[in-house]
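*Asks:*
2 protein chains.
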Amino acid sequence: MTGVFHLPGNKRSAVVLVSGGLDSATVLALAHKQRFSCHAISFDYGQRHRVELEAAHRVTEALGVVEHRVMTIDWGNIGGSALTDTTIAVPEESGNGIPVTYVPARNTVFLSLALGWAEVIGARDIFIGVNAVDYSGYPDCRPEFIEAFERLANLATKAGVEGVKIRVHAPLIRLSKSQIIRKGIELGVDYSLTVSCYQPEQSGRACGRCDSCRLRRAGFAAARVQDPTRYVSC
Amino acid sequence: MTGVFHLPGNKRSAVVLVSGGLDSATVLALAHKQRFSCHAISFDYGQRHRVELEAAHRVTEALGVVEHRVMTIDWGNIGGSALTDTTIAVPEESGNGIPVTYVPARNTVFLSLALGWAEVIGARDIFIGVNAVDYSGYPDCRPEFIEAFERLANLATKAGVEGVKIRVHAPLIRLSKSQIIRKGIELGVDYSLTVSCYQPEQSGRACGRCDSCRLRRAGFAAARVQDPTRYVSC
C-alpha cells in the first residue's frame with residue numbers, strides 16, 4: 002500500500018464482525034475501502050454451522066486484517082434456536098413471522114463483545130453486516146436496533162464517557178442481497194470463500210434449502226452473477 | 002410456600018444476575034420479595050476472582066431459585082482490565098477517574114446474555130445489582146446505561162417486536178452501600194456467603210484493600226452491621 006492516507010499510522014482502527022458469510026465478507030471489504038485498519042472478530046457460540054468459522058478465517062486471510070480473534074460463548078445449553086439446539090430442525094420452507102433459526106439476543110451479544118474489544122484497542126468504529134431487506138425478519142437486524150445499540154455503546158463505555166463517539170456501521174442494512182453481491186464483486190470479494198448455509202455437509206456443500214441458502218441463491222440470480230456455492234440440491 | 006399468590010403458576014419468571022457479591026445477593030432477595038420466580042445467571046468470564054462463582058452458588062442455594070446457570074465467555078485474551086488480565090495489578094488505593102478494574106463493556110455483555118435467556122424462557126424481567134452511589138465509577142453502572150439497555154432490549158428481541166415489554170430492574174442503583182446492606186439484612190440475606198474482593202486468597206479471605214473491599218467495609222461500618230467478611234488485613 003502506498004500514499005499518505007494508506008500509512009498504518011494514519012488509519013483508524015475498526016472492529017469488524019466477520020461470520021464467514023457473504024454479508025460480513027462484503028462489509029470487511031467496505032471497511033478496507035474506507036481505509037480502516039480492520040480487526041476482525043468471529044464467534045464460536047455453539048452454532049450448528051460451525052464450519053463458518055473456517056470460512057471467516059479464509060475471508061480474513063484473503064482480504065487482510067490486522068488480527069482476527071475468535072471469542073467463545075457457552076450459553077449454558079439454554080437452547081431456544083434451531084441454530085444452537087440440534088433437536089430443533091432448520092426449516093426448509095418459508096413461514097410466517099420470525100423463524101426458529103432466530104437466536105435470542107445474538108446480535109446484542111456479538112456487538113457487546115465487539116464493543117469490549119473496541120474499547121481495549123481504542124477503536125471507535127464497529128462494522129456489522131446486518132441487512133433488513135433480504136433477511137429472515139430477525140429483530141436484531143433492523144436499523145432501529147443498530148441505532149439503539151450505538152446509543153447504548155456511547156453510554157456503556159469509558160470512551161463514551163470521555164466524549165469519544167463510538168459508531169456502529171451497518172453499511173448493508175438497506176441493500177438487497179443482489180446489490181450487496183454486486184458491491185462485493187466490485188470490491189473484489191471472492192464469494193467462493195464464504196459459507197451462508199445453516200446446515201452445510203461435512204464436505205462443505207450447502208443444503209440449498211434453508212432460509213439462508215435461499216436468500217443467497219436468489220441474490221446471485223438477481224445480480225446476474227455466477228453463484229460459486231456448491232449446493233447439495235438444485 | 003402457601004397462598005394463591007405464591008403458587009408457581011401465578012409467578013412471573015425473572016432472570017437475575019448473581020455474581021456472588023453483596024449487591025446481587027440483595028437483588029435476588031428483592032426479586033423474591035416481589036414474588037418473581039427467579040432464574041439465576043452467573044458468568045465465568047476469566048475473572049481473577051473466579052471464587053465468586055462458588056459464592057454465587059451458595060447464595061442461590063440459600064435464597065432459592067428455579068435454576069442457576071453459569072455461562073462462559075472466552076474473550077480471546079483481549080485483556081484490558083485488571084480483573085481479566087493478571088499482568089495488570091488491582092489498585093489498592095483510590096485514584097481519579099475510571100479504575101483499571103473496569104472491564105470494557107462487561108455489563109452490556111452480561112445483560113445481553115441474560116436477555117437471550119429471558120427470551121428463551123419467556124421472562125420479561127431482568128434484575129441486575131448495579132449501583133451508582135458507592136461504586137467505582139464504571140460507566141455501565143449508571144441509570145442512563147440501564148435505561149438505554151432496556152430500550153435496546155425491546156428493539157432487539159422477538160418479545161419486544163410482539164409487544165411484550167421487557168424491563169430491566171436495577172433496584173439498588175440509587176442506594177448507598179449501607180442502605181443496600183440494611184435492606185438485605187431486613188430480607189434475611191446472609192452476607193457471610195458473599196464475596197466482594199477482587200483478589201481473594203485461596204482460603205477465601207478478602208484482601209481488604211481493593212476498591213470493592215473498601216466499599217464493602219465502609220458500607221457495613223456505616224450501616225452499623227457486623228461485617229462477616231474474613232479479611233487478610235485490618
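These protein sequence lines are chains A and B, in that order.
Those letters in the first sequence? Residues 2 to 235, per our numbering, in order.
Those letters in the second sequence? Residues 2 to 235, per our numbering, in order.
Every residue, glycine too, gets a C-beta built ideally from N, C-alpha and C.
From this set, A:49, A:110 and A:69, which residue's C-alpha is nearest residue 153 of chain B's C-alpha?
*Replies:* Of the listed residues, the one whose Cα sits closest to residue 153 of chain B is A:110.
*Asks:* Across the stretch 89–98 of chain B and the stretch 77–89 of chain A, are there enough close Cβ pairs to call them in contact, namely three or more that are closer than 8 Å?
*Replies:* Segments in contact, no.
*Asks:* So what does residue 18 of chain B bridge to, in DSSP terms?
*Replies:* In DSSP, residue 18 of chain B forms a bridge with B:42.
*Asks:* Using the Cα positions of residue 157 of chain A and residue 202 of chain B, report the straight-line distance between them to the nearest angstrom.
*Replies:* Taking the straight line joining both Cα atoms gives about 31 Å.
*Asks:* Taking 7 Å as the threshold (beta carbon to beta carbon), is residue 126 of chain B in contact with chain A?
*Replies:* With 7 Å as the cut-off, residue 126 of chain B does not count as an interface residue toward chain A.
*Asks:* Name the residues in the stretch 61–87 of chain A whose C-beta lies less than 9 Å from a C-beta of chain B; which are they?
*Replies:* Within the stretch 61–87 of chain A, the residues whose Cβ lies closer than 9 Å to some Cβ of chain B are 70, 71, 72, 73, 74, 75, 76, 77, 78, 79, 80, 81 and 82, listed in chain order.
*Asks:* State yes or no: is the beta carbon of residue 212 of chain B nearer than 7 Å to at least one beta carbon in chain A?
*Replies:* Answer no: the Cβ-Cβ gap between residue 212 of chain B and chain A never drops below 7 Å.
*Asks:* Taking the CB atoms as reference points, tell me whether residue 112 of chain A and residue 106 of chain B lie closer together than 7 Å.
*Replies:* Contact flag unset, no.
*Asks:* Which residue from B:199, B:182, B:198 and B:200 puts its Cα closest to that of residue 192 of chain B?
*Replies:* Ranking the options by Cα distance to residue 192 of chain B, first place goes to B:182.
*Asks:* Can the beta-carbon of residue 190 of chain A be found closer than 7 Å to that of residue 30 of chain A?
*Replies:* In this structure, residue 30 of chain A lies closer than 7 Å to residue 190 of chain A by Cβ.
*Asks:* List the residues of chain A that residue 145 of chain B touches, going by C-beta distances under 9 Å, in chain order.
*Replies:* Near residue 145 of chain B (Cβ distances below 9 Å), the residues of chain A are 156.
*Asks:* For residue 99 of chain A, would you say it is in contact with chain B, using Cβ-to-Cβ distances shorter than 7 Å as the test?
*Replies:* Yes, its Cβ sits closer than 7 Å to a Cβ of chain B.
*Asks:* Helix, strand or coil for residue 69 of chain B? Go by DSSP, reduced to three states.
*Replies:* Residue 69 of chain B falls in the strand class under three-state DSSP.
*Asks:* Would you call the stretch 120–134 of chain B and the stretch 21–30 of chain B touching, i.e. three or more CB-CB distances under 8 Å?
*Replies:* Yes, since at least three Cβ pairs between the stretch 120–134 of chain B and the stretch 21–30 of chain B fall closer than 8 Å, the two stretches touch.
*Asks:* Output the distance between the C-alpha atoms of residue 232 of chain A and residue 199 of chain A, rounded to the nearest integer angstrom.
*Replies:* Each residue's Cα considered, the two are about 12 Å apart.
*Asks:* Please list the terminal residues of the continuous beta strand (DSSP E) segment that includes residue 135 of chain A.
*Replies:* Segment: none, residue 135 of chain A is in no beta strand (DSSP E) and carries neither H nor E.
*Asks:* Assuming residue 12 of chain B and residue 44 of chain B are in contact, meaning their beta carbons sit under 8 Å apart, how far apart are those beta carbons, in whole angstroms?
*Replies:* Rounded, the Cβ-Cβ distance is 25 Å, inconsistent with contact.
*Asks:* Name, in chain order, the residues that DSSP records as bridge partners for residue 207 of chain B.
*Replies:* Answer by DSSP bridge pairing, in chain order: B:232.
*Asks:* Any idea what DSSP makes of residue 190 of chain B, helix, strand or coil?
*Replies:* Three-state DSSP puts residue 190 of chain B in coil, outside helix and strand.
*Asks:* Label residue 16 of chain B either buried or exposed according to how many other C-beta atoms from any shown protein chain fall within 10 Å of its C-beta, with 16 as the threshold for buried.
*Replies:* The residue is buried, with at least 16 neighbouring Cβ atoms inside 10 Å.
*Asks:* Going by DSSP, name the residue or residues bridged to residue 37 of chain B.
*Replies:* According to DSSP, residue 37 of chain B bridges with B:13.
*Asks:* Alpha helix (DSSP H) containing residue 121 of chain A: first to last residue?
*Replies:* Taken as a continuous stretch (DSSP letters only), the alpha helix (DSSP H) holding residue 121 of chain A covers 107–122.
*Asks:* For residue 49 of chain A and chain B, any beta-carbon pair shorter than 7 Å?
*Replies:* Not an interface residue.
*Asks:* Based on Cα-Cα distance, which residue from A:103, A:188 and A:204 lies nearest to residue 159 of chain B?
*Replies:* Out of A:103, A:188 and A:204, A:103 has the C-alpha closest to the C-alpha of residue 159 of chain B.
*Asks:* Could you tell me the alpha carbon to alpha carbon distance between residue 223 of chain B and residue 121 of chain A, rounded to whole angstroms?
*Replies:* Roughly 36 Å separates the two Cα atoms.
*Asks:* Should residue 108 of chain A be labelled buried (16 or more other beta-carbon atoms within 10 Å of its own) or exposed?
*Replies:* Under this definition residue 108 of chain A is a buried residue.
*Asks:* Judging by CA-CA distance, which residue of B:229, B:78 and B:218 is the nearest neighbour of residue 177 of chain B?
*Replies:* Closest option to residue 177 of chain B, Cα to Cα, is B:218.
*Asks:* Measure the alpha-carbon distance for residue 227 of chain B versus residue 180 of chain B and round it to whole angstroms.
*Replies:* One C-alpha to the other measures close to 14 Å.
*Asks:* Does residue 95 of chain B pass the burial test, meaning 16 or more other C-beta atoms within 10 Å, or should it be called exposed?
*Replies:* When all chains shown are included, residue 95 of chain B counts as exposed.
*Asks:* In chain A, which residues lie less than 9 Å from residue 92 of chain B when you measure between Cβ atoms?
*Replies:* Neighbours of residue 92 of chain B on chain A: none; closest Cβ ~15 Å, over 9 Å.
*Asks:* Kindly give me the distance between the Cβ atoms of residue 292 of chain A and residue 230 of chain A, rounded to whole angstroms, as I take these residues to be in contact under 8 Å.
*Replies:* Missing from the structure shown is residue 292 of chain A; chain A here goes from 2 to 235 and no further.
*Asks:* So, does the CB of residue 204 of chain B fall closer than 7 Å to a CB anywhere in chain E?
*Replies:* As a matter of chain content, chain E is missing from the structure shown, whose protein chains are A and B.
*Asks:* Hey, out of B:14, B:28 and B:49, whose CA is closest to residue 187 of chain B's CA?
*Replies:* Nearest option by C-alpha distance: B:28.
*Asks:* Excluding the 5 residues preceding and the 5 following residue 3 of chain B in the sequence, name in chain order all residues of the same chain whose CB lies nearer than 8 Å to its CB.
*Replies:* Residue confidence is low: residue 3 of chain B scores 30 on pLDDT, short of 50, so the model does not pin down where it sits. Its coordinate-derived value is still stated next. Closer than 8 Å at Cβ, skipping near neighbours: no residue.
*Asks:* May I ask you to report which of helix, strand or coil DSSP gives residue 1 of chain B?
*Replies:* The structure shown does not extend to residue 1 of chain B, since chain B is modelled only from 2 through 235, so no value can be given for it.
*Asks:* Roughly how many whole angstroms lie between the Cα atoms of residue 77 of chain A and residue 73 of chain B?
*Replies:* Distance between the alpha carbons of residue 77 of chain A and residue 73 of chain B: 7 Å.
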